[in-house]
Amino acid sequence: MNTTRSKSLFQTASKYIPGGVNSPVRAFKSVGGDPIFIQKAKGAYMYDEDGNRFIDYIASWGPMIMGHAFEPVVKAIQERVENSTSFGAPTELEIQLAQLICESIPNVDRVRMVNSGTEATMSAIRLARGFTGKEKVIKFAGCYHGHGDSFLIKAGSGAVTLGHPSSPGVTKGTAKDTLLAEYNDLLGVKELVEANKGEIAALIIEPIPGNMGCILPEEGFLEGLREICTQENIILIFDEVMTGFRLGFGGAQQALGIEADLVTYGKVIGAGMPVGAYAGREDIMEFIAPNGPVYQAGTLSGNPIAMVAGLTLLQYLKDHPQVYDELDQKCHTIQNGLESILPETGLPWTINRKGSMISLHFTNESVRDFDSAGKGANEHFKKFFHGMLKRGVYLPPSAYESWFLSHPLSKEDIEHTLESARLTFREMQ
Ligand code: KE4
Numbered sequence: 036m037n038t039t040r041s042k043s044l045f046q047t048a049s050k051y052i053p054g055g056v057n058s059p060v061r062a063f064k065s066v067g068g069d070p071i072f073i074q075k076a077k078g079a080y081m082y083d084e085d086g087n088r089f090i091d092y093i094a095s096w097g098p099m100i101m102g103h104a105f106e107p108v109v110k111a112i113q114e115r116v117e118n119s120t121s122f123g124a125p126t127e128l129e130i131q132l133a134q135l136i137c138e139s140i141p142n143v144d145r146v147r148m149v150n151s152g153t154e155a156t157m158s159a160i161r162l163a164r165g166f167t168g169k170e171k172v173i174k175f176a177g178c179y180h181g182h183g184d185s186f187l188i189k190a191g192s193g194a195v196t197l198g199h200p201s202s203p204g205v206t207k208g209t210a211k212d213t214l215l216a217e218y219n220d221l222l223g224v225k226e227l228v229e230a231n232k233g234e235i236a237a238l239i240i241e242p243i244p245g246n247m248g249c250i251l252p253e254e255g256f257l258e259g260l261r262e263i264c265t266q267e268n269i270i271l272i273f274d275e276v277m278t279g280f281r282l283g284f285g286g287a288q289q290a291l292g293i294e295a296d297l298v299t300y301g302k303v304i305g306a307g308m309p310v311g312a313y314a315g316r317e318d319i320m321e322f323i324a325p326n327g328p329v330y331q332a333g334t335l336s337g338n339p340i341a342m343v344a345g346l347t348l349l350q351y352l353k354d355h356p357q358v359y360d361e362l363d364q365k366c367h368t369i370q371n372g373l374e375s376i377l378p379e380t381g382l383p384w385t386i387n388r389k390g391s392m393i394s395l396h397f398t399n400e401s402v403r404d405f406d407s408a409g410k411g412a413n414e415h416f417k418k419f420f421h422g423m424l425k426r427g428v429y430l431p432p433s434a435y436e437s438w439f440l441s442h443p444l445s446k447e448d449i450e451h452t453l454e455s456a457r458l459t460f461r462e463m464q
C-alpha cells in the first residue's frame, strides 16, 4: 500500500503540531507505523492522500452513523453557512435540537449544549458537585470521559492506549476527589461509598463502555449503581457520548431500561461537527447559570452550523428507526463471520458486542473490566490492525476502542472485511 504522501504529511505535521496530530489516539503509537492522512470520505469509505480506499470502522469515533457526507446533513450545512457561521446569540436551531432531545429521552427536561464530550462531562461533574454540595466523584478504571482533570485517573481510550491512564499535570488536590472503582464490581462501589459516606457528589460511568473496547454490564451491576445513588443522594451520570443515539434513539438508557440523573452526549448529536451536551431533570439543570449558581459557558456553544447538522441527523434517525435494526444486523453478521473464522486460527480471542459497537480482543479471557481489556492489547492486535489496513479496512488504531459501524456498510463491504480478517489471521499464525 503506497503511503508516500501520508508519510511526508506526517513529517510536516510533526513540525507544527505536537506529535503531528490533534488527538493522540490518531498517531498510531500503540500499533506502530505512521498515521494515514485522510483526504475525503463518502458513505462507509475513507480515501487517503495516496488514493487508497478504506472501509471505515471508526466513523469519526461514532458520529458518522449514516456514513460520511450524508446528503441531508451536507445540504443543511451548505444552506445554513450562507447565514454566517456564528452569532454568539441564541438561535431557533438550538431550541429545535434541545426540544428533540427532551421529547425523546424520558428523564431529560433540559439540555445545555457545549462543544465536546469533554466539556459535557466536566460540566456535568461541576453541576453535580454544586447541586449536592459534595466534592468526591466515583469513576471506573478504563472508562474514558474526555481529558478533564477529574477523569484522567486510570482513563481508557487514548489515555491508556498511550500508557498514561493517569496523566501528569493532574494535581493531587484534584486526584484526591476522584475515587476509582472497577467496572462490573458492584461490591467495590458499595465499599467506596461506605468509606466516603456523605462525601460523594456523583458517580460517572459509560453504561456500556466503548473505551476499553466494548464491554457489557453484568446482570444487576447498573441496576445496583442506580439503587446506591438513589439511596445515597449521589448524582448518577451516564456518559453516553459514545452510546447516545447510537445504541437506539434512546441510547443506553432505553436499551438497558435504566434512567440516570444526568446524561452526557457528543458525537452523533453533532453529526461530525463539534457538539457535546449535558442534560437531565429540570431541578438539577436549572442550577446552572444564568438561573442557577453553577457557572458554565461557551462562545460557540449551540453553534448554528453544528446545531443544524446534529438536528438533521437526529431527525433522520428518529424518522427512520429501522436504521438501528439494520446496523445491528450488519454488526451481528460481522460477529458471526469472525466467530466462524477464529476457532481454526489457534489465536486467543473474545468478541464483545452491543448493537453496532463491537470489539475483538486477542485474549481467551472474558473482557469484563479494565484489567481483562488490557490482556488484548498485545502484538496480535498490532498485526491484526496492520493486516486489515493494508487490505483496505481501517479499524481503530487501539485495542482499547470499539469498532463503529455506519449504515452505508454494504454486504460486499462486510464480506471484504471478513475475507481480509481470514487472510490476516492466517498471516498472524
Ligand atoms: P471528546 O472531548 O473527545 O469529544 O469526548 C470525550 C469523550 C467522553 N466520553 C466518552 C464515552 C468518549 O468516548 C469520549 C471520546 N471518545 C474518544 C474515542 N474513544 C475520542 C477519540 C479521541 O480522543 O480522539
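Letter by letter, the sequence shown follows residues 36 to 464 in our numbering.
For glycine and all other residues, C-beta sits at the position ideal for the given N, C-alpha and C.
Report whether the distance from the Cβ of residue 274 to the nearest heavy atom of the ligand ADP is below 7 Å. The ligand ADP is not among the ligands present in this structure, which contains only the ligand KE4.
Ends of the beta strand (DSSP E) at residue 171? Translated into positions along the sequence shown, residue 171 becomes position 136. Its beta strand (DSSP E) spans residues 171-175.
When DSSP labels each residue in this structure, what does residue 438 get in the three-state scheme? Locating residue 438 in the sequence shown gives position 403, counting from the first residue. Here residue 438 sits in strand by DSSP.
Hey, which unbroken runs of the beta strand (DSSP E) at 3 residues or more fall wholly within the region 240-328? 270-274, 297-300, 311-315
Buried or exposed: residue 403, going by 16 or more other Cβ atoms within 10 Å of its Cβ? Locating residue 403 in the sequence shown gives position 368, where the first residue counts as 1. It counts as buried.
According to the Cβ coordinates, are residue 249 and residue 342 closer than 8 Å? Position 214 of the sequence shown, counted from the first residue, corresponds to residue 249. Position 307 of the sequence shown, counted from the first residue, corresponds to residue 342. Cβ atoms of residue 249 and residue 342: not closer than 8 Å.
Which value, in whole angstroms, describes the spacing of the CA atoms of residue 314 and residue 180? Taking the sequence shown and counting its residues from 1, one reaches residue 314 at position 279. Taking the sequence shown and counting its residues from 1, one reaches residue 180 at position 145. So the alpha carbons of these two residues sit roughly 15 Å apart.
Within 7 Å: the Cβ of residue 156 and any heavy atom of the ligand KE4? If you number the sequence shown from 1, residue 156 lands on position 121. Result yes, Cβ under 7 Å from the ligand KE4.
For residue 116, does the three-state DSSP call read helix, strand or coil? As a working note, residue 116 is residue 81 in the sequence shown. In the structure shown, residue 116 sits in a helix (DSSP, three-state: H, G or I).
How should residue 39 be labelled, buried or exposed, when 16 other C-beta atoms within 10 angstroms of its C-beta is the threshold for buried? Along the sequence shown, read from residue 1 onward, the residue named residue 39 stands at position 4. With fewer than 16 other Cβ atoms within 10 Å, it is exposed.
With hydrogens ignored, establish whether the beta-carbon of residue 119 is closer than 7 Å to any heavy atom of the ligand KE4. Here residue 119 refers to the residue found at position 84 when the sequence shown is read from its first residue. Result no, Cβ not under 7 Å from the ligand KE4.
Tell me whether the beta-carbon of residue 97 lies closer than 8 Å to the beta-carbon of residue 443. Residue mapping note: residue 97 aligns to position 62 of the sequence shown, counting from 1. Residue mapping note: residue 443 aligns to position 408 of the sequence shown, counting from 1. Not closer than 8 Å, so no.
Cβ-based burial, residue 106 [other Cβ within 10 Å; buried from 16]: Residue mapping note: residue 106 aligns to position 71 of the sequence shown, counting from 1. When all chains shown are included, residue 106 counts as exposed.
Closer than 7 Å: residue 96 CB and nearest the ligand KE4 heavy atom: Within the sequence shown, the letter at position 61 stands for residue 96. Within the cutoff, so yes.
Would you say residue 315 reaches chain D, if we count a Cβ-Cβ gap shorter than 8 Å as a contact? Absence of chain D from the displayed structure is noted, only one protein chain being present.
Let me know if residue 232 comes out buried or exposed under the rule of 16 or more other beta-carbons within 10 Å of its beta-carbon. For the purposes of this step, residue 232 is taken as residue 197 along the sequence shown, with counting starting at 1. Counting Cβ neighbours within 10 Å, residue 232 comes out exposed, since fewer than 16 surround it.
What does the alpha-carbon distance come out to for the pair residue 58 and residue 193? The residue labelled residue 58 in the question sits at position 23 within the sequence shown. The residue labelled residue 193 in the question sits at position 158 within the sequence shown. Those two C-alpha atoms are separated by around 8 Å.
Hey, quick one: how far does the beta strand (DSSP E) through residue 76 stretch, first residue to last? Residue 76 sits at position 41 when you count from the first residue of the sequence shown. Where residue 76 is concerned, the enclosing beta strand (DSSP E) stretches over 73-77.
Return the chain-ordered list of same chain residues with a C-beta closer than 6 Å to the C-beta of residue 163, the five sequence neighbours on each side being excluded. Position 128 of the sequence shown holds residue 163. So the qualifying residues of the chain are 236, 237, 270.
In angstroms with no decimal places, state the Cα-to-Cα distance between residue 247 and residue 253. Here residue 247 is taken as the residue at index 212 of the sequence shown, counted from 1. Here residue 253 is taken as the residue at index 218 of the sequence shown, counted from 1. One C-alpha to the other measures close to 15 Å.
Going by Cα to Cα distance, which pick from 288, 140, 245 is closest to residue 349? Position 314 of the sequence shown holds residue 349. It is 140 whose Cα lies nearest to the Cα of residue 349.
Cβ pair residue 95, residue 307 closer than 8 Å: Residue numbering aside, residue 95 sits at position 60 when the sequence shown is read from its first letter. Residue numbering aside, residue 307 sits at position 272 when the sequence shown is read from its first letter. In contact: residue 95 and residue 307 (Cβ atoms closer than 8 Å).
Strand pairing of residue 389, partner residues [DSSP]: By one-based count along the sequence shown, residue 389 stands at place 354. Paired residues: 392.
Can we count residue 277 as close to the ligand KE4, meaning its CB is less than 7 Å from some heavy atom? For the purposes of this step, residue 277 is taken as the residue at position 242 of the sequence shown. Yes, the ligand KE4 has a heavy atom inside 7 Å of this Cβ.
Would you give the residue range spanned by the beta strand (DSSP E) that residue 452 belongs to? For this step, residue 452 is matched to residue 417 along the sequence shown. Here residue 452 belongs to no beta strand (DSSP E); instead the alpha helix (DSSP H) covers 446-463.
N- and C-terminal bounds of the beta strand (DSSP E) containing residue 420: The residue given as residue 420 occupies position 385 in the sequence shown. Unbroken run through residue 420 is the alpha helix (DSSP H), 414-424; no beta strand (DSSP E).
Those runs of the alpha helix (DSSP H) which lie wholly inside the region 110-155 and span at least 4 residues: 127-139
So, with DSSP's three-state summary, where would you put residue 51? Stepping through the sequence shown from its first residue, residue 51 is reached at position 16. Helix, per DSSP.
Out of 441, 322, 275, 429, which has the shortest C-alpha to C-alpha gap to residue 66? Sequence index remark: in the sequence shown, residue 66 carries index 31 (1-based). Nearest C-alpha to residue 66: 429.
Since residue 242 and residue 273 are thought to touch, with beta carbons under 8 Å apart, how far apart are those beta carbons, to the nearest angstrom? If you number the sequence shown from 1, residue 242 lands on position 207. If you number the sequence shown from 1, residue 273 lands on position 238. Contact flag correct, Cβ pair sits at about 5 Å.
Would you grab the beta carbon distance between residue 70 and residue 62 for me? Rounded to a whole angstrom, and I think it's under 8 Å. Stepping through the sequence shown from its first residue, residue 70 is reached at position 35. Stepping through the sequence shown from its first residue, residue 62 is reached at position 27. So it is a contact: roughly 6 Å between Cβ atoms.
Is residue 183 buried or exposed, if buried means 16 or more other CB atoms sit within 10 Å of its CB? Taking the sequence shown and counting its residues from 1, the one referred to as residue 183 is at position 148. Residue 183 should be labelled buried.
Hey, residue 90 and residue 79 are a contact pair by Cβ (cut 8 Å); roughly how many whole angstroms apart? Numbered from its first residue, the sequence shown carries residue 90 at position 55. Numbered from its first residue, the sequence shown carries residue 79 at position 44. Between residue 79 and residue 90 the Cβ distance is about 6 Å, and since that is below 8 Å, they are a contact.
Would you check whether the ligand KE4 has a heavy atom nearer than 7 Å to the C-beta of residue 153? Translated into the one-based positions of the sequence shown, residue 153 becomes position 118. Result yes, Cβ under 7 Å from the ligand KE4.
Note the first and the last residue of the continuous alpha helix (DSSP H) segment covering residue 81. Counted from its first residue, the sequence shown places residue 81 at position 46. Run containing residue 81: none in the alpha helix (DSSP H); it sits in the beta strand (DSSP E), 80-83.
CA-CA distance, residue 259 and residue 221? Working through the sequence shown from its first residue, we reach residue 259 at position 224. Working through the sequence shown from its first residue, we reach residue 221 at position 186. Looking at the two C-alpha atoms, the distance is approximately 7 Å.
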